[in-house]
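> Handing you a structure now.
Residue numbers (my numbering), protein chains in the order written: chain A, 1 to 215; chain B, 216 to 431.
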């Protein structure tokens with residue numbers, strides 16, 4: 001794990017990169033990394049996230065700045081700008097059931113080629129997918145997701161990069177920390193090693209590539 | 216009593232102590248305000264919380280304690296938090312005893328459409344498909360009609376949320392269940408007759424000889 005300034009962390013991300021970004025309606029989203037992506041004007045991004053938040057918050061800022069070429073998410077309903085860009089074909093949007101989305105990310109991080117889920121069988125979600133019968137039940141084959149970068153927000157990070165999360169700000173963060181080539185983390189508090197008890201570490205240090213220093 | 220209160224109060228009667236319950240956005244959220252005094256259920260918020268409590272007092276909200284719509288909530292004693300994989304493992308894995316969701320259409324077979332109107336409203340399905348597919352019991356809370364048109368139809372014309380047959384729909388006019396035999400009127404709202412329900416419903420209803428009124 002290396003510590004890094006926020007501007008240098010974002011400078012590593014090229015135009016066209018795929019990014020997993022933690023958060024649920026912007027709760028648990030690494031806002032400082034998002035702000036810096038906007039400031040540096042990174043373009044043609046593929047965003048994998050639960051939702052696109054709302055204008056002015058979290059991933060909503062990337063939408064407003066027109067930086068996203070493609071979004072893979074479960075919900076865009078609270079961000080009218082995402083819907084406008086989708087209808088205008090400025091942004092491709094792939095809508096995925098939330099439980100399927102998180103499992104596809106988990107599969108990507110856990111070395112699985114994909115998952116079998118009953119969710120979506122017989123609905124528009126099934127289009128173009130393989131249906132499999134197992135023990136008399138129907139499942140869809142859903143492929144694993146992987147990204148170039150995961151942008152993760154934690155509550156506590158220790159000097160080694162062990163992470164813990166706060167309340168509902170955990171959401172997709174620990175799963176995404178498993179599923180990208182490069183994992184960049186922000187933390188509300190950076191604390192000495194040992195402050196987070198071993199039982200309370202949710203994301204173990206070896207998963208973290210860069211910890212963004214606090215201002 | 217307004218339509219939403221009738222629906223929420225009636226659904227709250229389905230709660231039992233110890234149940235794990237997921238409430239959707241809209242009318243379903245109101246169910247939590249009408250929990251019978253002797254019932255203690257666990258409410259899940261799919262963004263990663265069991266033990267969701269009421270909206271906190273002014274000045275007591277925490278930015279990392281929210282419901283699935285991103286609004287501040289509180290956590291009751293004994294609450295737990297977890298990541299989204301766990302949250303949807305609870306949902307899809309059959310650990311959620313009951314979910315209450317909004318609906319656009321429910322059809323005669325009990326199939327639900329509640330996540331999009333092609334060309335008009337494409338918000339994404341969020342957790343709805345997983346909830347309808349995985350929860351042990353699915354209850355739909357909705358107005359009986361929309362702009363005078365029945366929402367309980369012969370066959371859904373909007374995209375389905377799941378092939379799974381829901382268990383019950385509660386509206387401002389009626390309670391309807393969906394056993395194998397077909398959509399069955401089991402209760403009417405206070406001072407509503409079965410004939411009024413039939414007139415406001417497109418789907419064929421099985422109507423028992425005696426249909427009691429909701430006891431609110």
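For glycine and all other residues, C-beta sits at the position ideal for the given N, C-alpha and C.
Quick test of your reading: residue 19 of chain A and residue 46 of chain A, contact by CB under 8 Å. State the CB separation rounded to the nearest angstrom.
Sure, about 7 Å apart at Cβ, within 8 Å.
> What three-state label does DSSP hand residue 24 of chain A in the structure shown?
Reduced to three states, the DSSP call for residue 24 of chain A is strand.
> Cα-Cα, which of B:316, B:250, B:363 is closest to residue 417 of chain B?
Measuring from the Cα of residue 417 of chain B, the nearest candidate turns out to be B:363.
> Tell me the rounded alpha-carbon separation between residue 283 of chain B and residue 152 of chain A.
One C-alpha to the other measures close to 19 Å.
> Considering Cα atoms alone, identify which of A:108, A:65, A:24, A:131 is closest to residue 37 of chain A.
The residue with the shortest Cα to Cα distance from residue 37 of chain A is A:65.
> Would residue 337 of chain B pass as an interface residue toward chain A - the criterion being a Cβ-Cβ separation below 9 Å?
Chain A contact via Cβ: present.
> Any contact of the region 107-115 of chain A with the region 371-381 of chain B, i.e. 3+ C-beta pairs under 8 Å?
At 8 Å Cβ cutoff, the stretches do not touch.
> Might you give, ordered along the chain, the residues of its own chain that have their beta carbon closer than 8 Å to the beta carbon of residue 292 of chain B, omitting 5 neighbours on each side?
These residues qualify, in order along the chain: 266.
> Please list the partners that residue 119 of chain A has in chain B, where partner means a Cβ-to-Cβ separation under 8 Å.
By Cβ distance, chain B contributes 307, 344, 345, 348, 349, 377.
> Secondary structure at residue 287 of chain B, three-state DSSP: helix, strand or coil?
Strand, per DSSP.
> Under a Cβ-count criterion, where at least 16 other Cβ atoms within 10 Å of its own Cβ denotes burial, should residue 318 of chain B be classed as buried or exposed?
It counts as buried.
> I'd like to know whether the C-beta of residue 125 of chain A is nearer than 9 Å to at least one C-beta of chain B.
So yes, residue 125 of chain A belongs to the interface.
> With DSSP as the reference, identify every bridge partner of residue 392 of chain B, one or two as the case may be.
Looking at the DSSP assignment, residue 392 of chain B forms a beta bridge with B:383, B:399.
> Taking residue 91 of chain A as the query, report the chain B residues whose CB atoms sit under 7 Å from its CB, ordered along the chain.
Result: empty, since nearest Cβ-Cβ is about 13 Å, beyond 7 Å.
> Ends of the alpha helix (DSSP H) at residue 220 of chain B?
Unbroken alpha helix (DSSP H) run through residue 220 of chain B: 218-227.
> Would you identify the three-state DSSP class for residue 200 of chain A, choosing helix, strand or coil?
It is helical.
> If we define contact as Cβ-Cβ less than 9 Å, is residue 241 of chain B a contact residue for chain A?
No - not a single Cβ of chain A is within 9 Å of the one on residue 241 of chain B.
> Assign residue 214 of chain A to one of two classes, buried (16 or more other C-beta atoms within 10 Å of its C-beta) or exposed (fewer than that).
Exposed, since its Cβ has fewer than 16 Cβ neighbours within 10 Å.
> Would you say residue 341 of chain B lies against chain A (beta-carbon separation less than 9 Å)?
So yes, residue 341 of chain B belongs to the interface.
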